[in-house]
Amino acid sequence: MRILICILFPLFSFAQNYADVIIRNGKIIDGTGNSWFYGDVAVKDGKITAIGKLNSWRSAKTIDATGLIVAPGFIDVHTHIEDDETRNPYATNFIYDGVTTVVTGNCGASNIDVKRYYKYLDSMKLSINVATLIGHNDVRKEVMGKANRKPTEAEMRRMETIVEQAMKDGAVGFSTGLIYIPGTYSSTDEVVKLAKVAAKYNGVYATHMRDEADSVVEAIEEALLIGREAKIPVEISHFKISGQHNWGRSKQTLPMIIKAREEGLDVTIDQYPYTASSTGLSTLLPDELLSDGQDSINARLQNSEIRKYAIDHMLKKLKKRKLKHFSYAVVASYRADTSLNGKSIEEINTLKGRKHKAKAEAETILEMMQNGGASMVLHGMSEDDVKYIMQYPFNMFASDASIRVWQQGNPHPRGYGTNARVLSKYVRDEKVISLEEAIRRMTSLPALKFHLKNRGLLREGYAADIVVFSEKDVADLSTFEKPHQYSTGFKYVLVNGAVTLENSKHNGSRNGATILR
């Protein structure tokens, strides 16, 4: 018996030290914010099984990470991937930027049948993990259409029922887009009631506030009030200051967040590291003209008095920006005429042979709205505000992007290069924040906020979502002029233990999973 035990013990010991993948000799940054250390990471059955000096371990695949950073896969807390999953299930723009998990359903826009959506994702398999919020705008449209009015008691109950079912089916929270139709027509009380439903299930309230420019203070106050009234954690999306005349106001708005946290409200923010936003052309028009769908919009804009009202509204906002032309508004995607993608409203107006006047440009905007509108890139933020907000420790990085389809449209570069831009421009070159801190904001902070269990850290037993990148070579190549360019410097990306980016090339792996609350 003694001899048998001696023979079996080495075999048993060897079996315990075998991994599917071992990443060796890397500079490990574990996501906690703590300093890096040298070591190895072993992966087996989709999980991290050991970290440290693993000299006795063997594996089917070994990745040499000498001279490279090994970190948890990045979590993008603000995306809009709906309807793009089938167009590019490889999610290449995210994978090449180190992203392994996204939270979608933001800005009030989501699938309202969360159970069905998760089944759909499970059946098709993406290269990235996906969690979703339940979006207020789509819930409201399901019950009330795009009506500009308060809900009846019966309609309110129906909306609450939809939100409750979504939370039961695994949504990680409730989102609003209060700058978009029909969310802009809702009262604070309506939002509080729906947020309370999500709060019962330990959800998060993620909001694109009513305003991020002139009335940004009032919008933040409303977001914080909703959090307090509903007793729900708050995530303020793409925290920024829009409009040249508002530059510097981050010194006013960020202290509001700091004060709210000091008072006990679980409020965090996210940010994309650019001085331009991206949204619909419709946001330039008065909200009240956008209710009840495209036919109603067209009918209103055919009325000369309403048309004049809309033009006056846009010119007034332009004057506030201290601009003479709509040069800051650039078309990202215009289905009615794709040749205009990448051109500003000022340029489009000139191409049409119209007067080089802001009023004529406003007419061009209305014409485009009557042809279905467009997705826009809007330039108008201060680099100083971006950096000041970036230094706040409870601020995450998010792309506010979809799954990109190669060479389609002229989208905002944030969809390709958000994380690489932070790591290269703001960490390595300008030293706005440290590398360890940046990675904490990309990993453990979002995992903690959205209750993404066993993700966001390099820790034994956690999902093996891992990025391996060159601190010296990481760079965002995507620009506003040429957005369709992948980030560089990421050498390997593992999603649930499967190598997906290998030697800086997507290998076709689609091992992403749905993440339920």
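Using our numbering, read the sequence shown as starting at 9 and increasing by one per residue.
Built from N, CA and C at the ideal position, the CB exists for glycine as well.
Treat the numbers as computed from the prediction; the structure is a model and nothing was measured.
Cα atoms of C115 and A206: separation of roughly 16 Å, rounded to the nearest angstrom. F102 carries a helical assignment under DSSP once its states are collapsed to helix, strand and coil. Three or more Cβ pairs drawn from the segment 143-156 and the segment 188-198 lie within less than 8 Å of each other, which places the two stretches in contact. In the same chain as D84, and ignoring 5 residues on each side of it, the C-beta atoms closer than 6 Å to its own belong to V107, V110, A406, S407, in chain order.
Note on G211: 16 or more other CB atoms within 10 angstroms of its CB, so buried under the neighbour-count rule. In this structure, the CA atom of V482 is about 6 Å from the CA atom of A428. DSSP places A428 within a helical segment (H, G or I) once states are collapsed to three. Unbroken beta strand (DSSP E) stretches of 3 residues or longer found wholly inside the segment 128-161: 137-140, given in chain order.
Distance from the CA atom of A368 to the CA atom of N357, rounded to whole angstroms, is 7 Å.
Restricting attention to E243, T184, I314, the CA atom closest to the CA of L456 is found in E243. Selection I234, P241, H253 evaluated against S390 yields H253 as nearest (Cα-Cα). With a cutoff of 8 Å on beta-carbon distance, I170 and I120 are scored as near each other. Secondary structure at L465: coil, using DSSP grouped into helix, strand and coil.
Proximity to T70 across K52, E229, P80, L232 peaks at K52, based on C-alpha coordinates.
Judged by their CB atoms, I474 and V49 are nearer to each other than the 8 Å cut-off. Taking a cut-off of 8 Å on C-beta distances, the segment 437-445 does not touch the segment 493-513, as fewer than three cross pairs fall below it.
Excluding five sequence positions before and after L460, the CB atoms of its chain that fall closer than 8 Å to its own CB belong to I83, T109, A139, V180, P454, I523, given in chain order. The Cβ atoms of G178 and Y213 lie no closer than 8 Å to each other. Assignment of K332 by DSSP, reduced to helix, strand and coil, places it in the coil class. Spanning the alpha carbons of Y342 and S352 requires a straight line of approximately 12 Å. Shortest Cα-Cα distance from N137 to any of L309, L232, G81 involves G81. Where S341 is concerned, the enclosing beta strand (DSSP E) starts and stops at 337-341. Between the segment 378-386 and the segment 288-298 there are three or more inter-stretch CB-CB distances shorter than 8 Å, so the stretches are counted as touching.
Going by DSSP, S67 is part of the beta strand (DSSP E) stretching over 66-72. Assignment of H246 by DSSP, reduced to helix, strand and coil, places it in the coil class.
For R436, there is no enclosing alpha helix (DSSP H), as DSSP marks it with neither H nor E. Rounded to the nearest angstrom, the gap between the Cα atoms of L485 and S43 is 28 Å. In the DSSP assignment, M377 falls outside any beta strand (DSSP E) and lies within the alpha helix (DSSP H) extending over 366-378. Looking from the CA of G75, the closest CA among Y46, T57, R66, L62 belongs to Y46. Within 10 angstroms of the beta-carbon of T287 lie 16 or more other beta-carbons, which makes it buried. For I474, DSSP records a beta bridge to P80, L502.
According to DSSP, E510 shares a beta bridge with Y500, K513.
Bounds of the beta strand (DSSP E) holding Y26 are 26-36. Counting only unbroken stretches of 3 or more residues, the beta strand (DSSP E) elements lying wholly within the segment 174-201 are 181-185, in sequence order.
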